[in-house]
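Only one structure is covered here, and it is reproduced in the block below.
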Amino acid sequence: MADHGRPTTPVDDHLARILAAVEPLPPATVPLSDALGLVVASDVVAALPLPAFDNSAMDGYAVHQRDVVGATPESPVHLPVVGGIGAGAATIDDLAPGTAVKIMTGAPVPPGATAVVPYEWTDRGSHEVLIEHPAVVGQNIRRSGEDVDAGDLLVSAGTVLGPRHLGLLAGAGEGRVEVRPRPRVVIVSTGSELREPGQPLGPGQIHDANSTLLASAARAAGASAYRVGSVADEPGAFLETLQDQISRADLIVTSGGVSQGDFDVVKAALRDRLWFGDVAMQPGKPQGFGTVDGVPVFTLPGNPVSAYISFQLFVLPALRTLQGRHRVVHPLRAARCSKGFGSAYGKRQMVRAAYDAGLVAPVGGHGSHLLGDLAAANALIVVPEETTEVRAGDTVQVLLLDEEF
Ligand code: AMP
Ligand code: MG
Numbered sequence: 083m084a085d086h087g088r089p090t091t092p093v094d095d096h097l098a099r100i101l102a103a104v105e106p107l108p109p110a111t112v113p114l115s116d117a118l119g120l121v122v123a124s125d126v127v128a129a130l131p132l133p134a135f136d137n138s139a140m141d142g143y144a145v146h147q148r149d150v151v152g153a154t155p156e157s158p159v160h161l162p163v164v165g166g167i168g169a170g171a172a173t174i175d176d177l178a179p180g181t182a183v184k185i186m187t188g189a190p191v192p193p194g195a196t197a198v199v200p201y202e203w204t205d206r207g208s209h210e211v212l213i214e215h216p217a218v219v220g221q222n223i224r225r226s227g228e229d230v231d232a233g234d235l236l237v238s239a240g241t242v243l244g245p246r247h248l249g250l251l252a253g254a255g256e257g258r259v260e261v262r263p264r265p266r267v268v269i270v271s272t273g274s275e276l277r278e279p280g281q282p283l284g285p286g287q288i289h290d291a292n293s294t295l296l297a298s299a300a301r302a303a304g305a306s307a308y309r310v311g312s313v314a315d316e317p318g319a320f321l322e323t324l325q326d327q328i329s330r331a332d333l334i335v336t337s338g339g340v341s342q343g344d345f346d347v348v349k350a351a352l353r354d355r356l357w358f359g360d361v362a363m364q365p366g367k368p369q370g371f372g373t374v375d376g377v378p379v380f381t382l383p384g385n386p387v388s389a390y391i392s393f394q395l396f397v398l399p400a401l402r403t404l405q406g407r408h409r410v411v412h413p414l415r416a417a418r419c420s421k422g423f424g425s426a427y428g429k430r431q432m433v434r435a436a437y438d439a440g441l442v443a444p445v446g447g448h449g450s451h452l453l454g455d456l457a458a459a460n461a462l463i464v465v466p467e468e469t470t471e472v473r474a475g476d477t478v479q480v481l482l483l484d485e486e487f
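In terms of our numbering, the sequence shown opens at residue 83 and continues consecutively.
Below you can see the structure in the form of structure tokens.
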């Protein structure tokens, strides 16, 4: 695994290679109930005004404002009550001057009425009402179109649909929305030593952590992830699994079998179809990428920490591109590092770290097998290629692993 002067690809070049090969999934129209977290494919414009008609903001009486100008508690205005209007009322008569009509919140305001007097300002009379305060024109009337006008932009292309956007679309009468579909990601672990979690281990065996780690990361990123059980280090078996999965995948992630070992199954099986090489980073140096039948395939290294960090740097931007998101690469934040450490020259180092409120510190050891340390981290300190030492108190760049962006 020594470098031996083998050429390495800069991280940014590898990422550029990936982004050049991936484009957003074709749009699909889905019911609002299936759209949470998906990205809008094209601008949605309001077909109807919101509110759709003038309606009351209070339970009270609709009146002609002029009729209640002089109302006070000492000399209330008396008006005959000519009826009642509930929410959902379909037909309503004009309100004659000198009369009032009971009206409920959300009910259509009758033509002619210019204000709604709330119950609290009245004696709540049924046949005749005493009104003790004047109202201003328009008081307690929600105007048609005051929220959204017909023709207004409801959500723009690229919006990630959250509960509030979906509430707006529903309120504006849109039952369906055109989105980029949820990418289908297939995860394949390779390694003859791997056993399914929950199964007992034989000599030399380990539990497959990567497929769960990577499938969870894909789901957390908004994909639907399918975890194929681990595949032994036999190129034939691996290729068969890949071929089985390719038609049901928008993106495939494998782990293991891409370094310099004698049984590096993924490399052996796909040597002629994908790019394989070393990327100038630590951890995660051996990488492979390409498309098979048009589907992007990422062959990540087997060590769990390497696989996970490779996912964050390379797979996630591709996944987000498929989703039609505008920002695909983790933003970096400045933080103060509370503990010094060294870093290899010429490699971008991603150091597992704990971040809180602008302060960050490395956690655990360097080993790429250290799942305990990985679980204790919530950030990566990203150390540039040319930096060989970070001192306590230095400002560093951090990638927050659980950050929404
Ligand atoms: P490889 O890249 O296949 O040489 O694997 C590198 C190291 O990661 C070896 O120690 C493997 O046993 C380990 N490894 C590979 N795949 C997994 C996995 N799915 N879960 C946990 N460890 C793994
Ligand atoms: Mg292996």
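Think of the CB as a built atom: it goes at the ideal place given N, C-alpha and C, for glycine as much as any other residue.
Who are the near neighbours of residue 431 in its chain, counting only those whose CB is closer than 7 Å to its CB and skipping five residues on each side?
The residues are 364, 425 and 465.
Tell me where the alpha helix (DSSP H) around residue 320 begins and ends.
Note, residue 320: alpha helix (DSSP H), 317–328.
Could you check if residue 286 belongs to the surroundings of ligand 2, using beta carbon to heavy atom distance under 7 Å?
Because no heavy atom of ligand 2 lies under 7 Å away, the Cβ of residue 286 does not count as near it: no.
Here's the rule I'm using: 16 or more other beta-carbon atoms within 10 Å means buried, otherwise exposed. How should residue 300 be labelled?
With 16 or more other Cβ atoms within 10 Å, it is buried.
Return the residue from the list 471, 467 and 460 that minimises the CA-CA distance to residue 485.
The option with the nearest alpha carbon to residue 485 is 460.
Ligand 1 and residue 386: does the residue's C-beta get closer than 7 Å to at least one heavy atom of that ligand?
Within the cutoff, so yes.
If you follow the alpha helix (DSSP H) that residue 390 is part of, which residue opens it and which one closes it?
First-last of the alpha helix (DSSP H) with residue 390: 386–392.
How is residue 488 classed by DSSP in three states: helix, strand or coil?
In this structure the chain extends from 83 to 487, so residue 488 is not present and cannot be described.
Quick one: is residue 338 buried, meaning 16 or more other Cβ sit within 10 Å of its Cβ, or exposed?
Buried, because 16 or more other Cβ atoms sit within 10 Å of the Cβ of residue 338.
Mapping the DSSP letters down to three states, classify residue 197 as helix, strand or coil.
In the structure shown, residue 197 sits in a strand (DSSP, three-state: E or B).
Tell me, please, which residues DSSP counts as bridged to residue 359.
BP columns for residue 359 point to 369.
Three-state secondary structure (DSSP) at residue 245?
Looking at residue 245 - three-state DSSP - the assignment turns out to be helix.
Can you check whether the CB of residue 305 is closer than 8 Å to the CB of residue 401?
Yes, Cβ-Cβ distance for residue 401 and residue 305 is below 8 Å.
Could I get the ranges of all uninterrupted beta strand (DSSP E) runs contained in the stretch 215–278, with 3 residues as the minimum, in chain order?
Here the runs fully enclosed are 235–237, 258–262 and 266–272.
What is the DSSP secondary structure of residue 96, reduced to helix, strand or coil?
Reduced to three states, the DSSP call for residue 96 is helix.
Rounded C-beta distance between residue 220 and residue 196? I'm assuming under 8 Å.
Right, their Cβ atoms sit about 7 Å apart.
Go ahead and label residue 280 buried or exposed: buried means 16 or more other beta carbons lie within 10 angstroms of its beta carbon, across all protein chains shown.
Residue 280 should be labelled exposed.
Check for me: the alpha helix (DSSP H) holding residue 454 runs from which residue to which?
First-last of the alpha helix (DSSP H) with residue 454: 453–458.
So, are the CB atoms of residue 395 and residue 93 less than 8 Å apart?
Yes, Cβ-Cβ distance for residue 395 and residue 93 is below 8 Å.
Give me the Cβ distance between residue 262 and residue 406, rounded to the nearest whole Å; I'm assuming they're in contact under 8 Å.
4 Å between Cβ atoms; contact.
Is the stretch 343–359 touching the stretch 326–333, taking contact as three or more C-beta pairs under 8 Å?
These segments do not touch.
Measuring CB to CB, does residue 366 end up less than 8 Å from residue 341?
The answer is no: Cβ separation not under 8 Å.
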